[in-house]
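Notes follow the structure.
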Amino acid sequence: MRKISIDKWSDYPLKFTLNFRNFFLLNSRFFHPKPLFILSLWLFGLGSIFSLKLLKIFFPLLVLYFYQLILTKRTLKNFRIRREMPEVSKEEKTEDFTYRVENPNPFDYFNFCLFEKNETSSTSRILKSFQFKLNAHQTKKVHHEVQMNNGMGYKKVGPLMAVFTDGLGINRVTYFEDSTRQLKIFPKVHPTRKTKLRPDTKSMTFGSFDSHQKGNNVNFYSTREYVQGDNTNHINWKLSLKSSSIIVNQFKSNVNAQFYTVLLDDDRLHYGDGRYSSLEYCKDLMLSLLHSQVKSNNQMGIFNSQKFVQAQSGQSHLNALEIYISTLETAKFEEHRSYSRKTLKKEKIESFFRRLNFFIPQESNVYIFAGFVASPVLEVYLQQIALLTPRYNHVHLVLTHGLSHLRKNLSQEDLIWINKMEAEAAKMTPEINSLCKKNNIHLSLVEINSQFTYQHQIKEGFQSAKL
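Oh and the sequence shown: position 382 is 636 in my numbering, straight run, nothing missing.
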């Protein structure tokens, strides 16, 4: 919705005060003379009661003011600002945001300031620009180069606001458009080290693991014609050249692994916003893990409180998972006092793990991702995770911890909260490590800080926790 308004006398602190500094209002990078003009009108109006000369000055000024006010209101109807931006982008890519400022009126405008809220960038949350003059009957383009560095998923752009004055600088105009647009940002995947997976002995698809139950110490036991979807590495080129069809080797001793990435998307286990958030760290680690296993033809699946995706193999399945993970957001589990031991309810968490056991088959490798928020909520989740080890081949817990990145430009209250959370996390870490060792759970603590680059921390993300 587009709204254009002109400032009123009530917008200025001139009612019952004579504080001199209130008469000088600075708007961004220019001086706005309307308060002084209004004050001059009042002074000349009071003086004209006693002097005819002041009345000759007061009357033209009054006529000028109302003429300029009516003229500005009539000519603003066709004023437009149009935003041009891409609909799809990728992390770390620089995009051009263009604003077409259309002034079809026969009057010039001055001191043009443009502001727009932008969630795509962590460094430019509000786009700002200043133009001294907008010429009559002219369309001007304002460009902004914005880097997509505030995380993946859907990001909002808007609302938009512009402030400018008429030719005399008497009337200040506010142009406001509250409509927003969404920009879909695809993730940039950072490589990670390959993790140790246990094969699925019941698997019917080829992979890179030797089965413990089958095998006769030969490369392959049979051949057949190629079927769409077969691994091209298993094509027998020698037999294919002799025949008129493509022949594929059938391996009896090689099977693949099946693993699921489980995201604990409870909003009580996450903190931060955009790029500097525990949810963003978890999503980056999940994507790195998936990409590291696609070449091995392993079957990959996803589970969280909002959706379950059956494990499959192949690049097309990975592309679908990548799109889904990029748009993931946290879910609200409970509305009441979540961090109180007395009021914490476990039913929703227990229901989450019952669904997990129902959907994820046995002999799977399970990777669980969550933010490291030391609280009774995390303790309940850890108790449920400990019950998974008898059912699955391998259980790997990944906790992301990046509170140090939130210290920039924070208030004193927020810093006190971060210090408290870090102290509680350090106190809870030995307990988590002891629980994981006792229940044969592989633990990784990924601490995002400025000591190492983000790419290096993702690469080493699945290594064992160093305590």
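For every residue, glycine included, the Cβ atom is placed at its ideal position computed from N, Cα and C. For clarity, every value in this text was computed on a predicted model and none was experimentally measured.
CA-CA distance, residue i and residue j?
| i | j | result |
| --- | --- | --- |
| Glu399 | Tyr514 | 39 Å |
| Met255 | Gly528 | 27 Å |
| Asn551 | Gly405 | 28 Å |
| His488 | Val502 | 6 Å |
| Leu533 | Glu370 | 26 Å |
| Met682 | Leu636 | 12 Å |
| Leu300 | Tyr321 | 21 Å |
| Gly555 | Lys257 | 48 Å |
| Phe298 | Phe386 | 31 Å |
| Glu338 | Leu323 | 32 Å |
| Glu667 | Leu309 | 58 Å |
| Ala565 | Ile439 | 25 Å |
| Ile603 | Gln482 | 42 Å |
| Gln711 | Tyr429 | 45 Å |
| Ser531 | Tyr353 | 30 Å |
| Leu518 | Lys600 | 14 Å |
| Ser580 | Gly407 | 5 Å |
| Ile672 | Asn687 | 22 Å |
| Ser450 | Asn485 | The identity of residue 450 in the sequence shown is Lys, whereas the question assumes Ser. Computed Cα separation, rounded: 22 Å. |
| Val569 | Ser378 | Sequence check: residue 569 is Gln here, not Val. Cα to Cα, Gln569 sits roughly 35 Å from Ser378. |
| Tyr480 | Asn703 | 49 Å |
| Ile500 | Leu493 | 8 Å |
When DSSP labels each residue in this structure, what does residue i get in the three-state scheme?
| i | result |
| --- | --- |
| Tyr429 | strand |
| Arg328 | helix |
| Val481 | coil |
| Asn694 | coil |
| Arg275 | Bear in mind that a pLDDT of 41 at Arg275, under 50, signals an unreliable position, so the model cannot answer this. |
| Val516 | strand |
| Ala680 | helix |
| Lys442 | coil |
| Gly625 | strand |
| Arg529 | coil |
| Arg435 | strand |
| His545 | helix |
| Leu523 | helix |
| Asn551 | coil |
| Gln666 | helix |
| Thr486 | helix |
| Gln564 | strand |
| Phe557 | strand |
| Leu290 | helix |
| Asn510 | coil |
| Leu422 | coil |
| Ser688 | helix |
| Leu699 | strand |
| Gln230 | In the structure as shown, the chain begins at 255 and stops at 721. Residue 230 is therefore absent and cannot be evaluated. |
| Ser305 | coil |
| Lys586 | coil |
Hey, residue i and residue j are a contact pair by Cβ (cut 8 Å); roughly how many whole angstroms apart?
| i | j | result |
| --- | --- | --- |
| Phe361 | Thr329 | 6 Å |
| Phe716 | Val652 | 7 Å |
| His444 | Lys713 | 7 Å |
| Ala640 | Asn693 | 4 Å |
| Glu576 | Leu539 | Actually they are not in contact, since the Cβ atoms of Glu576 and Leu539 sit about 13 Å apart, beyond 8 Å. |
| Lys442 | Lys344 | 6 Å |
| Phe418 | Phe364 | 7 Å |
| Asn700 | Thr654 | Just to set this straight, residue 700 is Val in the shown sequence, not Asn. Between Thr654 and Val700 the Cβ distance is about 5 Å, and since that is below 8 Å, they are a contact. |
| Ala511 | Asn619 | 6 Å |
| Asp261 | Thr326 | That belief does not hold up - the Cβ atoms of Asp261 and Thr326 are roughly 11 Å apart, past 8 Å. |
| Asp520 | Phe607 | Contact doesn't hold; Cβ gap of about 12 Å is too wide. |
| Lys448 | Met402 | 29 Å between Cβ atoms; not a contact. |
| Leu657 | Glu633 | With a Cβ gap of about 19 Å, Leu657 and Glu633 do not count as contacting. |
| Leu315 | Leu295 | 6 Å |
| Arg452 | His648 | 5 Å |
Which stretch, first to last residue, makes up the beta strand (DSSP E) that contains residue i?
| i | result |
| --- | --- |
| Phe418 | Gly407 to Thr419 |
| Asn404 | Here Asn404 belongs to no beta strand (DSSP E), and DSSP marks it neither H nor E. |
| Ile500 | That residue, Ile500, is in no beta strand (DSSP E); it is neither H nor E in DSSP. |
| Gln385 | Ile380 to Leu388 |
| Ile639 | Where Ile639 is concerned, there is no enclosing beta strand (DSSP E), although the alpha helix (DSSP H) it sits in stretches over Pro630 to Ile639. |
| Tyr353 | Thr348 to Asn357 |
| Lys257 | Arg256 to Ile260 |
| Lys713 | Careful: Lys713 lies outside any beta strand (DSSP E), inside the alpha helix (DSSP H) at Tyr708 to Lys713. |
| Lys371 | Tyr363 to Asn372 |
| Arg337 | Arg334 to Glu338 |
| Leu651 | His648 to His655 |
| Lys344 | Val342 to Lys344 |
Going by DSSP, what residue range makes up the alpha helix (DSSP H) through residue i?
| i | result |
| --- | --- |
| Leu575 | Gln569 to Ser580 |
| Glu601 | Glu601 to Phe613 |
Examine the Cβ distances between the segment 511-530 and the segment 620-629 and report whether three or more of them are shorter than 8 Å.
Contact between the segment 511-530 and the segment 620-629 is present, because at least three Cβ pairs lie under 8 Å.
When you compare the segment 400-414 with the segment 424-444, are there three or more beta-carbon pairs, one atom per stretch, that lie closer than 8 Å?
Contact between the segment 400-414 and the segment 424-444 is present: three or more C-beta pairs spanning the two stretches fall below 8 Å.
Is the number of C-beta pairs between the segment 355-370 and the segment 324-343 that are closer than 8 Å three or more?
Contact holds between the segment 355-370 and the segment 324-343, because three or more Cβ pairs, one in each stretch, are under 8 Å apart.
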